[in-house]
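Going by our numbering, the sequence shown opens with residue 674, and the numbers climb by one from there. Think of the CB as a built atom: it goes at the ideal place given N, C-alpha and C, for glycine as much as any other residue.
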Amino acid sequence: MIGTIIAWIIIGLVAGALAKLIMPGDDPGGIIVTILIGIAGSFVGGFLASLIGLGGGGWIWTIIVATIGAIILLLIYRMLVGRRTA
């Protein structure tokens, strides 16, 4: 159980970093928010992939799905925070 949680956190860190590389920009909150978005994105991506029947596939697939989830959350985060500060 603890090992699984640690694995999801590590995958989330990688996904957050990849999402930031794919979508560069100045995000409020800095690296901590990006890491948290990556971790949450790994859960969102995994959930969405299981909904459409794309579960499984190994580490690379998991990182890809988590990165897609992190990108989606980063877009939502930028829209919400951008609207609030504008």
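Next on the checklist: Using the three-state DSSP reduction, which class does Ile725 fall into: helix, strand or coil?
Outcome noted: Secondary structure at Ile725: coil, using DSSP grouped into helix, strand and coil.
Item to check | Top-ranked residue by Cα proximity to Ala738, from Val687, Met696, Ile678 and Ile679 | outcome: Looking at the sequence itself, residue 738 is Val, so the reference to Ala does not match. The option with the nearest alpha carbon to Val738 is Val687.
Checklist entry - Can you name, in chain order, every residue of its own chain whose Cβ lies under 7 Å from the Cβ of Met696, other than the five neighbours on each side? => result Annotation for Met696: Ile744 and Leu747 place their beta carbon closer than 7 Å to its own, counting only its chain and skipping 5 residues before and after.
Checklist entry - Under three-state DSSP, which class holds Met674? => result Three-state DSSP puts Met674 in coil, outside helix and strand.
Checklist entry - What's the gap between the Cα of Gly703 and the Cα of Leu721? => result Roughly 26 Å separates the two Cα atoms.
Checklist entry - What is the rounded straight-line gap between the Cα of Met674 and the Cα of Ser723? => result Cα atoms of Met674 and Ser723: separation of roughly 20 Å, rounded to the nearest angstrom.
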